[in-house]
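In the working numbering, the protein residues as written are 8 to 256.
We treat Cβ as the ideally placed atom computed from N, Cα and C, and that holds for glycine.
Scroll down for the structure; my scribbles are underneath it.
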């Protein structure tokens, strides 16, 4: 379950390659600490919402923010984003070099790290009287949620909860807010990764086999006299069945 009051939800393993876990998490921690006080990169305005429930793209790429003099990150001559130090960029590139698609993974991780930072910043402003800045952040995050779902970094349920929480900040009118959330859910369904058909078949076959064994175990358990029904035995048998079916696959 997503917890909006705690940033720990976002400090998760953000890609699945086992060989990358330690290096990637180290880089995330380093980047997070180094930028914990940095201003947000959000430029979106709550008043520039597109008809599909997203913020207009031009708002997200605006050159500066009036209240803080912040300028959007740019790509420097060496290919490094301006909001990453040379050391951080080098560490990220070294980590991503171990993946099958280094350039694509590097781009994705940079986007995800920024999303994390913006989300953390938005959380910190929940009680702030600066509603404009908070809504800018919320609008920017709303634009990014479908891509985070597409990349498998959040689940469908988490993405929908994000939409609800963020739209509550952006749209005060309940009727329009519900409409925006419904439109956003439609976009999420389009963005959600499509399950692999072959894997679905394998999973269904495994589940069917487990259910077959489970039914046999339950039948044997229920056929015994009450005095001979041992819950510990039942639990052990079901656990053994699960292990037998799934451990070999």
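query                                                                                                          : result
Neighbour-count burial assignment, residue 153, 16 or more Cβ in a 10 Å radius                                 : buried
Backbone secondary structure at residue 117 - three-state DSSP                                                 : helix
Cα-Cα separation between residue 104 and residue 165, rounded to whole angstroms                               : 30 Å
Three-pair Cβ contact test at 8 Å for the segment 132-142 versus the segment 114-122                           : no
Residue 122 vs residue 142 beta-carbon contact at 9 Å                                                          : no
4-residue-minimum alpha helix (DSSP H) runs that sit fully inside the segment 121-199, ordered along the chain : 138-157, 163-177 and 181-198
DSSP state of residue 202 mapped onto helix, strand, coil                                                      : coil
Local conformation of residue 88 per DSSP, three classes                                                       : strand
Neighbourhood of residue 176 by C-beta, 7 Å cutoff - its chain only, sequence neighbours within 5 removed      : 141, 142 and 145
Residue 214 vs residue 174 beta-carbon contact at 9 Å                                                          : no
When 227, 254 and 127 are compared against residue 242, the one with the closest alpha-carbon                  : 227
6 Å Cβ shell around residue 250 - same chain, five flanking residues per side excluded                         : none
Inter-residue Cα distance where the pair is residue 169 and residue 128                                        : 15 Å
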